[in-house]
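Below is one structure; the comments refer to it alone.
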Amino acid sequence: LSFPTFGRANRRFHVQTLEMIMNNLRELTHLDISGTNLAGNGVATKESNFKLRTDIPGLESRIQRPLQFLGLYHTAHSACKRHDIPANEIAGDADEHQILTAARYYYDRPMLLTRVLNDLYHLFRFEICKDIHLALDAVLTAMDRHLKFKHMQISGSATLFYIVKGRDRSKFGTPLRHHIIRTLLNGMETHLTDDTMLRNGYLTLTQFQMPNDVLFVYERLIKVLLHGVSKTEQEGFVQRIAIYLLNTLACQVDGKQKLFLGELGVVSTMLNLIKDRLTRSVFDDVMEVAWSTMWNVTDETAINCRRFLEGRGMEYFLKCLRTFPDRDELLRNMMGLLGNVAEVKSLRPKLMTQEFIEVFRNLLVSASDGIEVSYNAAGVLAHIASDGPEAWTIPSPSRDSVLIRLVEAIRRWDIKSERNINYRSFEPILGLVRCYETPQCQHWAVWALANLTQVYPEKYCQLV
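Taking this note's numbering, the leading residue of the sequence shown gets 35, the next gets one more, and so forth.
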């Protein structure tokens, strides 16, 4: 028997109503009076001629025959927190056991279940939940059953964040991790316009191992992240966490997935973010990570390099260089990206302008971010020069003068410099080693191999 009052105006019952129910339904085993005043106030009345053996007036007749289940969730006067309650299972908010019991019994009552998940959230927030796996099962079941109930998804996803963040996450097997991620994505896709849902989902996803834990839903996740990057309010937290995740995925996946990122519009989305910041003369972490994401997604992926050039990428590069000249991380990310572009032979003619070559030449002497900017500028020029004198179609600066500056820069670098760069293969560098017609290009390539294999032998010796 249930008295469903949640979501309606509060119903007030006469103090003797519960006793009447019990006297007339003697075989009753399950009773839910959550959200009502049926349990009374727990204070003995003057009419009582004997000491009650239960703290809930009206249940005296069940002291010897306890109810199998009694729902006392959010009752008046906090009935669930009383001591002598004649029931084997109690749904309430007095402790973890009562809350988990409520979650198990209220799966088909979404409004009440949402409150239960809120109570679970507070248990995890203050790290006082003991039965992690039972709580996790309750949250996942609730979210899976009530996908379109937005407040359920928001409350559940907030709880999932603390569960996944906790110490027990190392005990979650692959099927369970996949279940959590699938449930999160279902909720995020269904409530894509709700910033709170996206924020909770993104934050929870940051607790997983990228990209291994999410490869099975890679396409779905990228689409949800792109929405968060491009559709939310400018400079909002949702946008920042989404672009962080996107960059992490772009950095750690293989060529096939980088192609997929480009097909979904990652390059154009990043360029739009950069254009917006340039229009407002704003430098923030979103702009910095946007360049980093393009650096990652263009790595040995020619079509994404082409997308960058066709999307006015070089125009935005020059504007960023002029507008934010002292931002070391920005300059490093931009030059890393252009290093990828310069590795594509068919695209190098696009870089052969006096303005671009002068910029790269001037950056050879940059001390920004250690040697990284100078190194990448040298790499760009080495690849361009490797196409031979006939491909150098500008009169100034001359090819010979640039090559002299290139060698001077290399000689200034410390061969033991630690690096902020990650190579998946040495094929582009080895291509320059074979450039016998231009020893200066070989010089850059050999220096790169010597530095990387000497400073990081375990990682890079096997690539040679």
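Even for Gly, the Cβ is constructed at its ideal location relative to N, Cα and C.
In the structure shown, S264 adopts helical secondary structure according to DSSP, grouped into three states. With contacts defined as CB atoms closer than 8 Å, I97 and I119 fail to qualify as a contacting pair. Listed in chain order, the alpha helix (DSSP H) runs fully inside the stretch 118 to 147 are 130 to 139, counting runs of at least 4 residues. Nearest neighbour of S204 by Cα position, chosen from H417, S459, Q243, turns out to be Q243. For D202, the three-state secondary structure derived from DSSP is helix.
When the alpha-carbon of F103 is set against those of Y350, V467, S36, the nearest one is in S36.
Here H180 carries a coil assignment [DSSP, helix/strand/coil].
Taking the C-beta atoms as reference points, G289 is found no nearer than 8 Å to T227. In summary, R116 is buried, with 16 or more beta-carbon neighbours lying within 10 Å of its beta-carbon over all protein chains present. If you draw a straight line from the Cα of R433 to the Cα of P423, it is about 7 Å long. The Cβ atoms of E492 and I455 lie no closer than 8 Å to each other. D66: member of the beta strand (DSSP E) spanning 64 to 66, first to last residue. Going by C-alpha positions, E253 is about 41 Å away from D129.
Restricting attention to K353, P359, L283, T357, the CA atom closest to the CA of W329 is found in L283. Between S189 and L218, the gap from beta carbon to beta carbon reaches 8 Å or more.
By the neighbour-count criterion, in which a residue is buried when 16 or more other Cβ atoms sit within 10 angstroms of its Cβ, T327 is buried.
A distance below 8 Å separates the beta carbons of S420 and T472. Linking F460 to L181 through their CA atoms gives a straight-line distance of about 47 Å. For Q102, the three-state secondary structure derived from DSSP is strand. For the 8 Å CB-CB criterion, G345 and S302 form a contact. Per DSSP, the continuous alpha helix (DSSP H) segment holding V489 begins and ends at 473 to 489.
Contact check for T357 against F342 fails: the beta carbons are separated by 8 Å or more. Counting only the Cα atoms, N367 lies some 17 Å from V316. In the three-state scheme derived from DSSP, where H, G and I count as helix and E and B as strand, S302 is classed as helix.
G465 is not a Cβ neighbour of N410, given a cutoff of 8 Å. In this structure, DSSP gives S432 a state outside helix and strand, which the three-state scheme calls coil. F394: member of the alpha helix (DSSP H) spanning 388 to 397, first to last residue. S36 sits in a strand when the DSSP states are folded into three classes. Annotation: the continuous alpha helix (DSSP H) that includes V375 extends over 362 to 376. Separation of I55 and C114 (C-alpha to C-alpha, rounded to the nearest whole angstrom) is 19 Å. In the DSSP assignment, A284 falls within the alpha helix (DSSP H) that extends over 271 to 285. With contacts defined as CB atoms closer than 8 Å, I133 and D127 qualify as a contacting pair. Per DSSP, the unbroken alpha helix (DSSP H) holding M56 starts and ends at 51 to 58. Boundaries cannot be given for F250, as no alpha helix (DSSP H) includes it and DSSP labels it neither H nor E. Secondary structure note for Q291: its alpha helix (DSSP H) is the uninterrupted segment 289 to 297.
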